[in-house]
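Peer 1: Numbering (the working numbering), first residue to last: 7 to 351. Yeah, the Cβ is synthetic: ideal placement off N, Cα and C, and Gly gets one too. Once you've had a glance at the structure underneath, I'll fire off some questions.
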């Protein structure tokens, strides 16, 4: 049965509102000096200008982290980064760029090449420089130094350099008093790479490796001579069938080789003139058809085709007009016909 309530009964129900939470008295607010875990931070005078400015911005951002991130996410140049990475960037904490790479790539992909490392690290640097614009030059110097090292070694050694870079960058960020562009910081990082190359030469070595040394060859041991054994008399075997069938047959005569092709008889009377003209051209230094032009005109070039080319000892010129532009088949001098057939070789 549904109960019916009158308007008067509804009006008698007290409308209670939650009491506001009392604000803390400024006198009762916790002070950092009273925290037992407060650690001594370096004095502002001992911090570099860039580190001091970073510390001041971190304190400003964490006064109201929610409002800070709300204003940050409205920026036009905001890079694509996971939300937890933004918390570490605003707190000036170390960030493993593997988190950025895995967040937007398949799980089986890992940073093992220069291309993937640059993509992830450049995205991370864009986020840091958006929150701390004064650190742009610092990260540019660091990226240039790491890139030079990566290009100096083989691609198989890059994972070891990536791991060393992560370890050294973590040390710098955990100190909160050093920067990546310090000369001492760069020298320490480069020396770690060199020490690693010395301790693990199989991982960091030059592209060209010396050939392996051949194993020493021991001289062969002398074998004692055994006394000669008497050859046992063996019954003579019959000659093979093929040799027996060939007895009494005449050996086949080899075919005679074809003679070397020469010029046709109709052109023999023109050969002395061509030879005389070729010798004159060779003496005057104007003959460019062949280096050794004193061997006469090449009949193969005139009638068919010479496969020797420039190595041919004979001149590649026309029999009729001595032109190197065409052969005798295409010559119109002395009323020759193009339909004339070449000699049979």
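#1: Just confirm the distance between the C-beta atoms of residue 155 and residue 167, as a whole number of angstroms; I'd bet it's less than 8 Å.
#2: Let's see if you can read the secondary structure: which residues bound the alpha helix (DSSP H) around residue 138?
#3: Is residue 303 helix, strand or coil when you go by DSSP?
#4: Spatial neighbours of residue 68 within its chain, please: C-beta separation below 8 Å, excluding the five flanking residues on both sides.
#5: Between which residues of its own chain and residue 312 is the CB-CB distance below 6 Å, once the five residues before and five after are set aside?
#6: Shortest alpha-carbon distance to residue 135 belongs to which of 189, 56, 332 and 321?
#7: Candidates 309, 178 and 132: which alpha carbon is nearest residue 78's?
#8: Rounded to whole angstroms, what's the CA-CA distance from residue 175 to residue 196? Just pull it up for me.
#9: Expressed to the nearest angstrom, what Euclidean distance is found between the alpha-carbon atoms of residue 329 and residue 314?
#10: If residue 101 sits next to residue 122, beta carbons under 8 Å apart, how far is it from one beta carbon to the other, in whole angstroms?
#11: Name the two residues that bound the continuous alpha helix (DSSP H) containing residue 60.
#12: Less than 8 Å between the C-beta atoms of residue 60 and residue 138, yes or no?
#13: For residue 184, I'd like the list of residues in its chain whose CB is within less than 8 Å of its CB, leaving aside the five on either flank, ordered along the chain.
#14: Buried or exposed for residue 333, going by 16 or more other Cβ atoms inside 10 Å?
#15: Taking all protein chains shown into account, do 16 or more other C-beta atoms lie within 10 angstroms of the C-beta of residue 87, making it buried, or fewer, making it exposed?
#16: To the nearest angstrom, how far is it from the Cα of residue 327 to the Cα of residue 316?
#17: For the putative contact between residue 171 and residue 152, defined by C-beta atoms under 8 Å, what is the C-beta separation to the nearest angstrom?
#18: So, under 8 Å CB-CB, residue 309 and residue 335 are touching, yes? Tell me the CB distance rounded to an integer number of Å.
#19: Please work out which residues of its chain come closer than 6 Å, Cβ to Cβ, to residue 118, disregarding the five sequence neighbours upstream and downstream, and give them in chain order.
Peer 2: Short version:
#1: That belief holds up - the Cβ atoms of residue 155 and residue 167 are roughly 6 Å apart, short of 8 Å.
#2: Run containing residue 138: none; DSSP gives neither H nor E here.
#3: Three-state DSSP puts residue 303 in a strand.
#4: For residue 68, where only same-chain residues beyond five positions count, the Cβ hits under 8 Å are 74, 96 and 97.
#5: Same-chain partners within the cutoff: 304, 306 and 318.
#6: Per the Cα distances, 56.
#7: Nearest option by C-alpha distance: 132.
#8: The straight-line gap from Cα to Cα measures roughly 12 Å.
#9: Approximately 19 Å, taken between the alpha carbons.
#10: Contact between residue 101 and residue 122 does not hold, since their C-beta atoms are separated by about 16 Å, which reaches or exceeds 8 Å.
#11: Where residue 60 is concerned, the enclosing alpha helix (DSSP H) stretches over 55-67.
#12: Contact: yes.
#13: Answer for residue 184: 54, 57, 178 and 191, listed in chain order.
#14: It counts as buried.
#15: With 16 or more Cβ atoms within 10 Å of its Cβ, residue 87 is classed as buried.
#16: Spanning the two alpha carbons is a distance of roughly 20 Å.
#17: The Cβ separation is near 6 Å, so the contact holds.
#18: About 7 Å separates the two Cβ atoms, so the contact holds.
#19: Scanning its chain for C-beta atoms nearer than 6 Å, with the 5 sequence neighbours on each side dropped, one finds around residue 118 the residues 165, in chain order.
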